[in-house]
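Asks:
There are 6 protein chains.
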Amino acid sequence: MYAVEVSDQIMIAHSFRGEVFGPAQKVHGATFVIRVAFLADTLDRHGIVVDIARAHEVLKDALVPLNYHNLDELPQFKGVNTTTEFLTKHVFDALAAAVRDGKLGRDGREIAAIRITIGESPSARAWYEAPVW
Amino acid sequence: MYAVEVSDQIMIAHSFRGEVFGPAQKVHGATFVIRVAFLADTLDRHGIVVDIARAHEVLKDALVPLNYHNLDELPQFKGVNTTTEFLTKHVFDALAAAVRDGKLGRDGREIAAIRITIGESPSARAWYEAPVW
Amino acid sequence: MYAVEVSDQIMIAHSFRGEVFGPAQKVHGATFVIRVAFLADTLDRHGIVVDIARAHEVLKDALVPLNYHNLDELPQFKGVNTTTEFLTKHVFDALAAAVRDGKLGRDGREIAAIRITIGESPSARAWYEAPVW
Amino acid sequence: MYAVEVSDQIMIAHSFRGEVFGPAQKVHGATFVIRVAFLADTLDRHGIVVDIARAHEVLKDALVPLNYHNLDELPQFKGVNTTTEFLTKHVFDALAAAVRDGKLGRDGREIAAIRITIGESPSARAWYEAPVW
Amino acid sequence: MYAVEVSDQIMIAHSFRGEVFGPAQKVHGATFVIRVAFLADTLDRHGIVVDIARAHEVLKDALVPLNYHNLDELPQFKGVNTTTEFLTKHVFDALAAAVRDGKLGRDGREIAAIRITIGESPSARAWYEAPVW
Amino acid sequence: MYAVEVSDQIMIAHSFRGEVFGPAQKVHGATFVIRVAFLADTLDRHGIVVDIARAHEVLKDALVPLNYHNLDELPQFKGVNTTTEFLTKHVFDALAAAVRDGKLGRDGREIAAIRITIGESPSARAWYEAPVW
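Chains as they are written, first to last, in our numbering: chain A, 13 to 145; chain B, 13 to 145; chain C, 13 to 145; chain D, 13 to 145; chain E, 13 to 145; chain F, 13 to 145.
1) Let me confirm a value: T96 of chain A is counted as buried when at least 16 other C-beta atoms fall within 10 Å, else exposed. Which label applies?
2) Tell me, please, which residues DSSP counts as bridged to V16 of chain D.
3) Looking at the C-beta of A4 of chain F, does it have a partner C-beta in chain C at a distance below 8 angstroms?
4) Suppose you measure from the CA of T100 of chain C to the CA of S133 of chain C; what does that come to, to the nearest Å?
5) Can you give me, in chain order, the residues of the region 18 to 31 of chain E that have a beta carbon less than 8 angstroms from any beta carbon in chain C?
6) Does any CB atom of chain C fall closer than 8 angstroms to the CB of Y140 of chain A?
7) Closest Cβ-Cβ distance between E132 of chain C and chain A: below 8 angstroms?
8) Any idea what DSSP makes of F44 of chain B, helix, strand or coil?
9) Between L78 of chain A and the rest of its own chain, which residues show a CB-CB distance below 7 angstroms, the 5 nearest in sequence each way excluded?
10) Nearest by alpha-carbon distance to A42 of chain D: which of D:G114, D:V92, D:G30 and D:H26 is it?
11) Counting Cβ pairs closer than 8 angstroms, one from the region 52 to 69 of chain C and one from the region 105 to 117 of chain C, do we hit at least three?
12) At which residue ranges does the region 79 to 141 of chain A contain complete alpha helix (DSSP H) runs of 4 or more residues, listed in the order of the chain?
13) Is the region 78 to 94 of chain D touching the region 121 to 135 of chain D in the sense that three or more CB pairs, one from each, lie closer than 8 angstroms?
14) Examine chain D for any beta-carbon lying closer than 8 angstroms to the beta-carbon of K38 of chain E, and answer yes or no.
15) Shortest alpha-carbon distance to V139 of chain B belongs to which of B:V39, B:V32, B:H40 and B:I46?
16) Going by other Cβ atoms of all chains shown within 10 Å of its Cβ, with 16 needed for buried, is R127 of chain A buried or exposed?
17) In angstroms with no decimal places, state the Cα-to-Cα distance between D92 of chain D and G59 of chain A.
18) Would you kindly check if the distance between the Cβ of L51 of chain C and the Cβ of A74 of chain C is under 8 angstroms?
19) Using beta-carbon positions only, say whether E17 of chain B and V48 of chain B come within less than 8 angstroms of one another.
20) In this structure, how does DSSP classify P4 of chain A when only helix, strand and coil are distinguished?
21) Quick check: the Cα distance between R29 of chain A and A36 of chain A, rounded to an integer number of angstroms?
22) At least one CB of chain D closer than 8 angstroms to the CB of A42 of chain E: is that the case?
23) If we define contact as Cβ-Cβ less than 8 angstroms, is H58 of chain C a contact residue for chain A?
24) In chain C, which residues lie with their C-beta within 8 angstroms of the C-beta of P35 of chain A?
25) Short of 7 angstroms in beta carbon distance, which residues of its chain neighbour K38 of chain B, apart from the five on each side in sequence? Order them along the chain.
26) Just to confirm before moving on: does the CB-CB distance between I130 of chain E and V144 of chain E stay below 8 angstroms?
27) What do you reckon, are the CB atoms on A110 of chain F and G34 of chain E nearer than 8 angstroms?
28) State the DSSP-derived secondary structure class of I60 of chain C, mapped to helix, strand or coil.
29) With 8 angstroms as the threshold, decide whether the Cβ of G114 of chain C is near any Cβ in chain H.
30) Along chain B, which residues have their Cβ under 7 angstroms away from the Cβ of D63 of chain D?
31) Relative to the alpha-carbon of Y14 of chain E, which residue among E:F104, E:R121, E:D119 and E:T54 has its alpha-carbon at the smallest distance?
32) Is there a C-beta anywhere in chain E that falls below 8 angstroms from the one on E97 of chain C?
33) List the residues that DSSP assigns as beta-bridge partners of Q37 of chain C.
34) Let me make sure I understand the geometry here. Which of F:V32, F:D56, F:E31 and F:N82 has the alpha-carbon closest to that of H40 of chain B?
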């Protein structure tokens with residue numbers, strides 16, 4: 013299995029509900045370093061998994077609605093804790109849709125799976141990996 | 013599959029037996045950067061894999077018996093080479109037990125697997141991954 | 013000149029006033045990785061610049077009032093932009109006071125200068141360095 | 013499953029054919045940071061996956077024909093785009109052959125799989141993982 | 013003294029003349045991670061050293077003539093070895109000119125010095141620091 | 013001022029005397045990542061500060077007596093605490109001697125200063141910088 017992974021970063025504010033979160037129940041924030049890996053069984057005729065430039069663009073497009081926002085105020089996140097884990101799946105859904113819509117410059121059916129990794133600090137990160145189809 | 017990973021570090025001394033180890037047969041040491049990833053199919057009702065604060069505590073507890081010790085002198089390691097690989101499994105066993113005992117703040121049966129990664133230098137690391145149940 | 017540097021991290025929210033900040037005028041956040049370096053001309057009789065354990069504690073103490081807060085709501089930051097640069101000086105003042113008060117376990121007059129470095133993302137950071145006396 | 017991973021680096025020039033590559037169609041270059049992970053179900057009698065010193069040597073040997081070369085001029089790459097993805101498989105083949113030939117100091121049949129990861133910059137990397145047998 | 017530092021990266025090919033360079037006399041390449049630090053005695057009225065967004069733009073503009081090129085073929089580098097050290101000064105000159113021309117969004121006379129750091133691999137880097145005026 | 017910096021790493025054991033060291037009074041160890049920077053006002057006729065290959069060799073030579081040793085047992089360290097700070101100066105002395113002896117492939121008088129940085133973990137490091145002459 014081949015994979016190509018690109019990364020970008022965002023700066024957001026949010027707060028969590030639930031005693032388990034301790035001080036993170038208050039409004040705080042994070043620099044999220046977000047990596048998306050596209051997995052495929054074969055390379056295309058150019059010798060690539062996907063076009064890295066397009067991969068960067070598609071990732072950036074998926075992050076625009078989050079970057080420089082207080083996630084608590086966004087309607088799409090009403091009533092949910094926007095934990096790092098939750099966001100890995102949120103970004104996965106956007107990237108998987110882009111793959112299925114052929115936005116990566118290759119027949120989307122040739123992309124088997126996507127892994128989203130979000131680093132929240134040097135000592136903590138989360139990821140979500142699943143098939144695209 | 014979701015994962016959450018936290019890290020900690022220890023400083024230990026040890027030596028190895030066997031010509032394959034060359035100069036590492038002498039007493040030397042290492043800074044080990046240890047990461048534990050908890051893998052789960054679903055998030056809990058708070059939107060997390062496990063409580064990161066508890067994960068840090070459980071990892072630290074598992075490392076106390078090793079940190080600032082000469083591993084050659086510890087009875088639990090008598091007769092074994094405490095290689096980086098060996099230690100990944102040693103830490104895995106401690107963390108898997110913590111999961112099964114419900115110490116991560118979530119029903120342990122919802123944690124599918126654990127991966128322990130130990131970096132011994134910028135150019136070498138080892139990991140061990142296995143199901144918890 | 014000798015130096016010893018330790019690091020810690022915080023997660024905060026804030027917003028900036030001024031068109032120069034573009035989208036960062038909205039409430040957003042950051043993971044700040046904060047490093048403090050103590051500079052000295054000589055080592056003490058133990059062979060150290062300062063006690064690293066104490067250095068970690070003093071740094072952590074200085075960060076408690078910031079960590080997991082929306083800096084916009086803290087009275088000590090009323091009317092100022094809590095930029096990364098601004099915060100380097102803010103943390104410097106706290107650490108310099110700790111040195112002058114002898115909290116690092118060594119006669120503070122033997123510490124010549126402090127440098128505070130704050131990384132806000134993999135591609136941007138700021139620092140402030142100045143004499144303690 | 014256990015894994016041990018070592019890394020090395022090379023500096024190469026090359027160019028790509030195909031409009032998808034944009035400016036990378038011109039002769040440019042890269043520092044490639046190359047990591048090879050050996051995966052095994054069990055440790056050997058010394059408590060290791062493979063001898064790390066040998067792993068470093070075998071990796072370095074596989075990289076000699078590439079390091080400090082313009083890959084466009086090497087006969088083995090005639091007519092192909094030496095993308096990062098392509099090179100992960102190229103290095104995999106060399107390392108898998110070394111494992112099968114017993115050059116890692118352990119019965120090669122005990123090595124289940126190899127993963128080659130190549131970082132081309134802080135924001136892009138590729139990997140290839142497959143069974144050895 | 014305050015500093016703000018931003019980074020970018022380029023991928024170039026080149027070769028060196030002189031036996032001292034060994035295999036690097038052949039056409040090879042590098043991923044250069046380039047950081048520019050602006051040093052100032054004071055913050056401006058917004059609480060910043062320079063506008064980070066502008067700093068990123070000015071750095072990127074300075075790198076466009078280099079990125080994805082074989083430096084051996086560029087007229088501005090005719091007859092010189094484009095070593096990492098040489099390039100630190102080359103980028104410094106471009107950034108110092110931008111500061112003097114007021115392109116950083118602040119009176120350039122308030123910027124005291126610039127440091128350019130270029131990492132060519134995880135184990136080697138160079139920097140150049142000098143006053144702007 | 014120009015600088016070129018290269019790095020290497022060693023794995024050692026040692027212990028410290030003095031209550032200030034807490035648990036580090038026991039025999040433990042460290043992976044030290046050691047960087048040496050050579051500072052010079054000018055580049056030589058090849059466009060370099062020093063030959064990077066020679067710099068790597070000279071650094072490695074200086075580290076051989078330390079690597080894979082228990083520093084407590086080395087006669088040259090009898091009666092001293094081999095702290096990270098202490099070792100920065102120890103390595104500095106070896107590298108400064110090499111510069112003065114012309115081992116870096118350039119008239120040593122053209123090297124103004126050396127900085128040795130030793131990272132002992134992701135969260136702690138030390139450095140020593142001084143003129144060579």
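A virtual CB, placed ideally from N, CA and C, is assigned to each residue, including glycine.
Replies: Taking the coordinates as given:
1) Here residue 96 of chain A refers to the residue found at position 84 when the first sequence is read from its first residue. Buried, because 16 or more other Cβ atoms sit within 10 Å of the Cβ of T96 of chain A.
2) Working through the fourth sequence from its first residue, we reach residue 16 of chain D at position 4. The partner list for V16 of chain D (beta bridge, DSSP) reads B:A138 and D:F50.
3) Since the first and last residues shown for chain F are 13 and 145, residue 4 of chain F lies out of range.
4) As a position in the third sequence, residue 100 of chain C is number 88, starting the count at 1. As a position in the third sequence, residue 133 of chain C is number 121, starting the count at 1. Going by the C-alpha atoms only, they are around 15 angstroms apart.
5) V18, S19 and D20
6) Taking the first residue of the first sequence as position 1, residue 140 of chain A is located at position 128. Not closer than 8 angstroms to any Cβ of chain C, the Cβ of Y140 of chain A fails to qualify, so no.
7) Position 120 of the third sequence, counted from the start, is the residue given in the question as residue 132 of chain C. Closer than 8 angstroms to some Cβ of chain A, the Cβ of E132 of chain C qualifies, so yes.
8) As a first step, residue 44 of chain B must be located in the second sequence, where it is residue number 32. Three-state result, F44 of chain B: strand.
9) Position 66 of the first sequence holds residue 78 of chain A. These residues qualify, in order along the chain: I22 and I24.
10) Walking along the fourth sequence from the start, residue 42 of chain D turns up at place 30. Checking every option, the nearest Cα to that of A42 of chain D belongs to D:H26.
11) yes
12) 96 to 112
13) no
14) The residue you call residue 38 of chain E lines up with position 26 of the fifth sequence. Under the Cβ distance rule, K38 of chain E counts among the residues neighbouring chain D, one pair being separated by less than 8 angstroms.
15) As a working mapping, residue 139 of chain B is identified with position 127 in the second sequence. Before going on, a small fix: residue 139 of chain B reads as Trp here, not Val. Here the closest residue by C-alpha is B:I46.
16) Stepping through the first sequence from its first residue, residue 127 of chain A is reached at position 115. Its Cβ being crowded by 16 or more others within 10 Å, R127 of chain A is buried.
17) If you number the fourth sequence from 1, residue 92 of chain D lands on position 80. If you number the first sequence from 1, residue 59 of chain A lands on position 47. In the sequence under discussion, the amino acid at residue 92 of chain D is Val, which differs from the Asp named in the question. If you take the alpha carbons of V92 of chain D and G59 of chain A, they lie about 8 angstroms apart.
18) Taking the third sequence and counting its residues from 1, one reaches residue 74 of chain C at position 62. Taking the third sequence and counting its residues from 1, one reaches residue 51 of chain C at position 39. Contact: no.
19) The residue you call residue 17 of chain B lines up with position 5 of the second sequence. The residue you call residue 48 of chain B lines up with position 36 of the second sequence. A contact, by the Cβ cut-off of 8 angstroms.
20) Not covered by the structure: residue 4 of chain A. The range shown for chain A is 13 to 145.
21) To locate residue 29 of chain A, count along the first sequence from 1; it is residue 17. To locate residue 36 of chain A, count along the first sequence from 1; it is residue 24. Taking the straight line from one Cα to the other gives about 9 angstroms.
22) To locate residue 42 of chain E, count along the fifth sequence from 1; it is residue 30. Yes, its Cβ sits closer than 8 angstroms to a Cβ of chain D.
23) Taking the first residue of the third sequence as position 1, residue 58 of chain C is located at position 46. No, H58 of chain C lies away from the interface with chain A (no Cβ there is under 8 angstroms from its Cβ).
24) The residue labelled residue 35 of chain A in the question sits at position 23 within the first sequence. By Cβ distance, chain C contributes N79 and Y80.
25) Translated into the one-based positions of the second sequence, residue 38 of chain B becomes position 26. S27.
26) Along the fifth sequence, one-based indexing puts residue 130 of chain E at 118. Along the fifth sequence, one-based indexing puts residue 144 of chain E at 132. No, they are not a contact pair.
27) Mapped onto the sixth sequence, residue 110 of chain F falls at position 98. Mapped onto the fifth sequence, residue 34 of chain E falls at position 22. The answer is no: Cβ separation not under 8 angstroms.
28) Residue mapping note: residue 60 of chain C aligns to position 48 of the third sequence, counting from 1. Residue state, collapsed to three classes: coil.
29) Here the protein chains are A, B, C, D, E and F, and chain H is not one of them.
30) Here residue 63 of chain D refers to the residue found at position 51 when the fourth sequence is read from its first residue. Ordered by position in chain B, the residues that pass the 7 angstroms Cβ test against D63 of chain D are V32.
31) Counting from 1 along the fifth sequence, the entry for residue 14 of chain E is found at position 2. When each option's Cα is compared against that of Y14 of chain E, the closest is E:T54.
32) Here residue 97 of chain C refers to the residue found at position 85 of the third sequence. For E97 of chain C, the answer is yes, since a Cβ of chain E falls inside 8 angstroms of its Cβ.
33) Position 25 of the third sequence holds residue 37 of chain C. DSSP output for Q37 of chain C lists no bridge partner at all.
34) Sequence index remark: in the second sequence, residue 40 of chain B carries index 28 (1-based). Per the Cα distances, F:N82.
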